[in-house]
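Colleague: Here the sequence shown is numbered in the numbering used here, starting from 27 and rising by one per residue.
Backbone N, C-alpha and C define an ideal beta-carbon position, used for all residues, glycine too.
Take this structure first; my questions come after.
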Amino acid sequence: MKARLHRWWNFASAIMLLAAFMMTSLKIQSTNWTEDLHLMNWLTFIGFILGLGIGYSQFRRFISKLFIILFSFLIVPYAIGTTYNSGILWLTRFENLYGRIFFSIEQLLNNVRIEDPILFFIFLCLIVWSTSISGGFFLTRTAQPWTPLLISGVTVFTSEFYDQIGNNLYTAFFIFFVLVFLSQNYFIESNRNWRIKRIPVDFETGPSIRRSSFIVAIIIIFLAWNAPNIVSAFQKGSQQQKQIIGFVQDIQNQFSKLTAPLEGTAFLRSEFYGDTVRLGTGSNLSDEIVLEISVNQKKPAGTRYYWRARSYDQFIDNQWVSSFDSSKLIEPNTDITDLLEYFFFPQRTFTIKTRTNLGLLYTPPYPQKINRPVKAFFANLSDEKVDYIALTLEEIAFSGENYEVVNRIPAPTIAQMRKSTNEYPDWVFENYLQLPPDFPEKIRDLAIEITENSENPYDKTQAITNYLRKNTTYKEQIPEPPPDSDHIEWFLFEHKEGFCNYYATAEVLMLRSIGIPSRIVFGYAQGKSQNQDETEFIVRREQSHAWPEVFFEGIGWVEFEPTTLQPTLDRLLGETVPSISDIPSIRDPNSEDLPVMDGGESFGEGGEVPDLIQLGELSEVETTQPTILPFIFMGIVVLYSIILIIKDNEPATGPSTPVIIETLFVQRGWKIPGWLKHWATYSKTSAEEKAFAKIIWSLSMFNNFSLYSFTPAEVVREYKTIFPEMSLKIDEILLEYQKAIYSPHPINLKMIQHQSNQILKYSLTMKIKSIFQFRN
Numbered sequence: 027m028k029a030r031l032h033r034w035w036n037f038a039s040a041i042m043l044l045a046a047f048m049m050t051s052l053k054i055q056s057t058n059w060t061e062d063l064h065l066m067n068w069l070t071f072i073g074f075i076l077g078l079g080i081g082y083s084q085f086r087r088f089i090s091k092l093f094i095i096l097f098s099f100l101i102v103p104y105a106i107g108t109t110y111n112s113g114i115l116w117l118t119r120f121e122n123l124y125g126r127i128f129f130s131i132e133q134l135l136n137n138v139r140i141e142d143p144i145l146f147f148i149f150l151c152l153i154v155w156s157t158s159i160s161g162g163f164f165l166t167r168t169a170q171p172w173t174p175l176l177i178s179g180v181t182v183f184t185s186e187f188y189d190q191i192g193n194n195l196y197t198a199f200f201i202f203f204v205l206v207f208l209s210q211n212y213f214i215e216s217n218r219n220w221r222i223k224r225i226p227v228d229f230e231t232g233p234s235i236r237r238s239s240f241i242v243a244i245i246i247i248f249l250a251w252n253a254p255n256i257v258s259a260f261q262k263g264s265q266q267q268k269q270i271i272g273f274v275q276d277i278q279n280q281f282s283k284l285t286a287p288l289e290g291t292a293f294l295r296s297e298f299y300g301d302t303v304r305l306g307t308g309s310n311l312s313d314e315i316v317l318e319i320s321v322n323q324k325k326p327a328g329t330r331y332y333w334r335a336r337s338y339d340q341f342i343d344n345q346w347v348s349s350f351d352s353s354k355l356i357e358p359n360t361d362i363t364d365l366l367e368y369f370f371f372p373q374r375t376f377t378i379k380t381r382t383n384l385g386l387l388y389t390p391p392y393p394q395k396i397n398r399p400v401k402a403f404f405a406n407l408s409d410e411k412v413d414y415i416a417l418t419l420e421e422i423a424f425s426g427e428n429y430e431v432v433n434r435i436p437a438p439t440i441a442q443m444r445k446s447t448n449e450y451p452d453w454v455f456e457n458y459l460q461l462p463p464d465f466p467e468k469i470r471d472l473a474i475e476i477t478e479n480s481e482n483p484y485d486k487t488q489a490i491t492n493y494l495r496k497n498t499t500y501k502e503q504i505p506e507p508p509p510d511s512d513h514i515e516w517f518l519f520e521h522k523e524g525f526c527n528y529y530a531t532a533e534v535l536m537l538r539s540i541g542i543p544s545r546i547v548f549g550y551a552q553g554k555s556q557n558q559d560e561t562e563f564i565v566r567r568e569q570s571h572a573w574p575e576v577f578f579e580g581i582g583w584v585e586f587e588p589t590t591l592q593p594t595l596d597r598l599l600g601e602t603v604p605s606i607s608d609i610p611s612i613r614d615p616n617s618e619d620l621p622v623m624d625g626g627e628s629f630g631e632g633g634e635v636p637d638l639i640q641l642g643e644l645s646e647v648e649t650t651q652p653t654i655l656p657f658i659f660m661g662i663v664v665l666y667s668i669i670l671i672i673k674d675n676e677p678a679t680g681p682s683t684p685v686i687i688e689t690l691f692v693q694r695g696w697k698i699p700g701w702l703k704h705w706a707t708y709s710k711t712s713a714e715e716k717a718f719a720k721i722i723w724s725l726s727m728f729n730n731f732s733l734y735s736f737t738p739a740e741v742v743r744e745y746k747t748i749f750p751e752m753s754l755k756i757d758e759i760l761l762e763y764q765k766a767i768y769s770p771h772p773i774n775l776k777m778i779q780h781q782s783n784q785i786l787k788y789s790l791t792m793k794i795k796s797i798f799q800f801r802n
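This is how it looks when you write it as structure tokens:
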């Protein structure tokens with residue numbers, strides 16, 4: 027039978043080498059030299075795993091090379107082919123690739139400027155693929171992946187040189203992983219040579235080298251990348267010194283937040299809408315879950331849920347302002363009877379679980395009862411009735427808490443809205459027809475033109491809604507409007523791209539310009555339904571939304587949806603909602619699920635909500651795309667740390683360090699120091715003897731005479747005369763210790779070790795108290 031060929035394997039080394047190669051691909055991706063550079067990460071990972079497998083196999087070198095070539099011809103073209111649209115046939119993709127490559131080579135040979143990056147892209151793919159697959163192969167086959175590692179290093183530093191504005195953390199991490207990999211391999215090779223030469227090796231040597239290399243690598247990277255800043259940090263008044271002071275203060279602030287519940291009140295982060303909201307330029311919001319909502323019944327037909335935060339009535343200087351500052355406290359679980367309502371709209375009970383700290387409540391319109399005390403901002407109307415603007419919390423609703431609200435859901439029919447006249451109450455005229463002093467007449471003329479064939483407020487509103495949906499394009503982020511310009515005029519006539527803030531504002535202003543009262547509301551769109559009955563919803567950060575509400579005489583406020591990212595809001599045609607004098611009716615809902623909602627306004631970098639701030643003020647904060655680098659690095663560090671812990675806790679298989687040193691002294695004929703002799707003797711003792719020695723140490727702190735001539739029972743008896751309160755613990759230790767010394771019976775070693783530690787700890791405590799004369 028043919029002997030099995032030797033193969034090399036070390037898990038920690040494989041992880042470090044893979045991490046180094048991944049830093050190379052991530053560095054290339056960070057340059058953004060061309061599109062689809064993320065494929066480098068997959069090629070690196072797959073190539074390295076294949077290389078490890080082929081290298082560890084029993085195939086001869088020639089067969090192994092054939093497999094590497096075969097996989098290369100299959101995987102690399104496939105990866106490059108995935109850069110095309112998935113609807114294109116694979117044969118067509120390869121034909122296109124061949125044509126691009128051939129044409130680019132022809133341009134290269136003719137010294138013509140190449141515009142297609144395909145050659146460069148393929149070159150990068152081949153670099154990362156060849157280094158990763160050959161690196162994995164040589165690691166398990168010969169433990170010497172030096173050439174692939176060298177090529178990878180050259181690639182990293184070349185990228186660093188040509189992309190100096192990029193993220194150099196990838197390069198730093200590359201050096202870190204390479205240093206740890208080299209130290210790991212050096213120890214393994216040295217250990218093999220020591221065994222061949224029969225040199226005694228302390229079992230702690232391996233863990234010590236691993237820990238040392240880990241720490242030294244971090245220190246080298248830190249010093250290399252921060253040397254200029256370290257020097258500047260000692261210069262008085264330098265920017266670096268200010269940053270260090272600020273960093274220390276940040277740590278203090280973070281620690282104070284942890285201890286705040288023990289000290290008193292603290293300023294907590296929570297979601298809140300202030301008195302003003304700017305239109306902003308938008309941002310990419312996260313998919314973080316904000317609310318989990320359950321409803322007691324199906325959704326009324328012809329409706330959609332909107333989770334209102336606050337409405338705004340004044341538009342000044344391209345921002346929305348709430349002019350109502352009247353507020354009152356609403357007690358929990360009390361009926362709200364002062365809300366102006368024209369209809370008994372269908373009623374629903376909502377249980378809302380918050381996944382973020384809230385400084386206000388998100389609810390549908392027309393609240394009837396709330397199970398929390400709230401501070402309600404409102405507008406005073408006629409006959410002691412009010413219109414609620416926002417429901418804020420006196421005490422923050424923390425993430426994970428629930429609140430319950432009972433609301434009426436506006437469900438007017440199209441027929442009812444068409445019957446509504448333009449005879450509005452005085453409070454509507456006074457508050458919801460305001461226009462900026464410099465309102466562009468072009469917008470009014472456009473609104474008149476759009477609604478010239480409409481006869482009633484509903485048809486005019488729907489005409490403007492349809493115009494916005496057909497003639498503007500939804501865009502999560504837009505450039506800053508020109509300075510000194512009217513942002514809505516720019517949105518309607520020039521840019522024609524925007525997100526919900528612009529859609530809703532444009533509709534409100536156009537409606538007001540033709541005498542139809544309306545307002546804007548900020549909050550969240552309905553979210554994603556979780557069941558067929560549409561009684562459970564999940565609302566995410568990315569579903570932040572703004573929408574217009576239009577006032578209809580005899581009906582009240584009704585939502586409309588001009589934002590094109592949203593599906594159209596289809597109301598029922600006939601009269602299905604009774605007047606306030608009739609019995610409320612509840613209709614079956616539509617069963618259609620809603621897609622992901624509008625992106626809305628920015629909550630700040632990373633989609634986070636700032637501390638009790640005005641939402642619109644965050645629109646100018648630039649957001650950066652999240653990177654997976656911290657997660658990769660932390661994952662590898664944690665994994666490597668686990669390996670170190672496992673390795674460091676392996677039982678000793680050789681002599682300990684003091685024994686080796688003592689042996690060296692004996693061989694050289696040197697005098698052995700007393701402390702070394704005691705250390706070596708102690709290291710040779712068994713685990714139970716080490717545990718009992720702690721009792722001797724404890725007793726020696728209070729007695730001046732020698733204890734080494736005492737029997738174990740005498741030591742215990744002497745200790746109990748000083749600390750009788752520890753008699754039970756020390757008797758248990760004595761019993762198990764005598765069993766270990768004088769009998770073959772098994773013992774409870776963990777109990778001995780635990781109890782001896784407790785006795786030593788207690789003795790030290792009492793000794794310290796006696797020194798300071800605090801002993802009872």
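(1) Specify the secondary structure class of ASP452 as computed by DSSP and reduced to three states.
(2) For the putative contact between THR418 and LEU386, defined by C-beta atoms under 8 angstroms, what is the C-beta separation to the nearest angstrom?
(3) With burial defined as no fewer than 16 other Cβ atoms inside 10 Å of the residue's Cβ, what is the status of TRP583: buried or exposed?
(4) In the DSSP assignment, what residue or residues form a beta bridge with SER352?
(5) With the cut-off set at 9 angstroms, would you say SER312 and ARG567 are in Cβ contact?
(6) Can you tell me whether ALA739 is buried or exposed? The criterion is at least 16 other CB atoms within 10 Å of its CB, across all chains shown.
(7) Would you kindly work out how many angstroms separate the C-alpha atoms of TYR110 and PHE120, rounded to a whole number?
(8) Which residue or residues does DSSP assign as beta-bridge partners of LEU386?
(9) Here's the rule I'm using: 16 or more other beta-carbon atoms within 10 Å means buried, otherwise exposed. How should LYS703 be labelled?
(10) Taking the alpha-carbon positions, what's the ASP559 to LEU595 distance?
(11) Are the CB atoms of THR382 and ARG334 nearer to each other than 9 angstroms?
(12) How about PHE203 and MET42: are their beta carbons less than 9 angstroms apart?
(13) TRP573: buried (16+ other C-beta within 10 angstroms of its C-beta) or exposed?
(14) Along the beta strand (DSSP E) that carries HIS571, what are the first and last residues, could you check?
(15) Roughly how many whole angstroms lie between the Cα atoms of TYR414 and PRO326?
(16) Whole angstroms is fine: what's the gap from SER844's alpha carbon to LEU761's?
(17) Between PHE404 and the rest of its own chain, which residues show a CB-CB distance below 8 angstroms, the 5 nearest in sequence each way excluded?
(18) In whole angstroms, what is the alpha-carbon distance linking SER611 and GLY300?
(19) Is it true that the segment 454-468 meets the segment 550-558, where meeting means three or more beta-carbon pairs spaced less than 8 angstroms apart?
(20) Quick one: what does DSSP say PHE202 is sitting in, helix, strand or coil?
(21) Round the Cβ separation of ALA105 and LEU69 to the nearest angstrom and send it over; I've been treating them as touching at under 8 angstroms.
(22) Pick out the complete beta strand (DSSP E) segments inside the segment 709-744, 3 residues or longer, and give them in chain order.
(23) For THR590, collect the residues of the same chain with a Cβ closer than 6 angstroms to its Cβ; drop the 5 residues on either side in sequence, then sort them by chain order.
(24) Can you give me the Cβ contacts of ILE797 inside the same chain, cut-off strictly under 6 angstroms, excluding the 5 residues immediately before and after it?
(25) Return the chain-ordered list of same chain residues with a C-beta closer than 7 angstroms to the C-beta of ILE474, the five sequence neighbours on each side being excluded.
(26) When you compare the CB of ASN497 with every CB in chain D, is at least one pair closer than 9 angstroms?
(27) Quick check: the segment 125-137 against the segment 48-56, are there 3 or more CB pairs under 8 angstroms?
(28) What does the alpha-carbon distance come out to for the pair VAL547 and ALA423?
(29) Is DSSP giving TYR550 helix, strand or coil here?
(30) Between LYS522 and the rest of its own chain, which residues show a CB-CB distance below 8 angstroms, the 5 nearest in sequence each way excluded?
(31) Tell me, please, which residues DSSP counts as bridged to GLY524.
(32) Can you give the Cα-Cα distance for ASP343 and ALA532, rounded to whole angstroms?
(33) For ARG434 versus PRO372, is the C-beta spacing smaller than 9 angstroms?
(34) From the DSSP output, which residues share a beta bridge with ALA423?
(35) Look at the Cβ atom of THR20, then the Cβ atom of GLY580, and state whether they are nearer than 9 angstroms.
(36) Report all residues from its chain with a CB closer than 8 angstroms to the CB of PRO393; omit the five preceding and five following residues, and keep chain order.
Modeller: Quick answer:
(1) helix
(2) 5 angstroms
(3) buried
(4) PHE404
(5) yes
(6) exposed
(7) 10 angstroms
(8) THR418
(9) exposed
(10) 18 angstroms
(11) no
(12) yes
(13) buried
(14) 570-578
(15) 22 angstroms
(16) No statement about residue 844 is possible, as the shown extent of the chain runs from 27 to 802 and does not include it.
(17) PHE350, SER352, SER353, LYS354, VAL412, ASP413, TYR414 and ILE415
(18) Only weak support exists for where SER611 lies, its pLDDT of 35 falling under 50; the coordinates are left without a value.
(19) no
(20) helix
(21) 6 angstroms
(22) none
(23) ARG495 and TYR500
(24) none
(25) ILE540
(26) The structure shown contains no chain D, having only a single protein chain.
(27) no
(28) 21 angstroms
(29) strand
(30) ASN497, THR498 and THR499
(31) TYR500
(32) 14 angstroms
(33) yes
(34) LEU384
(35) The requested residue 20 is not part of the displayed model; the chain covers only 27 to 802.
(36) ILE362, LEU365, TYR414, LEU417, VAL431, VAL432 and ASN433
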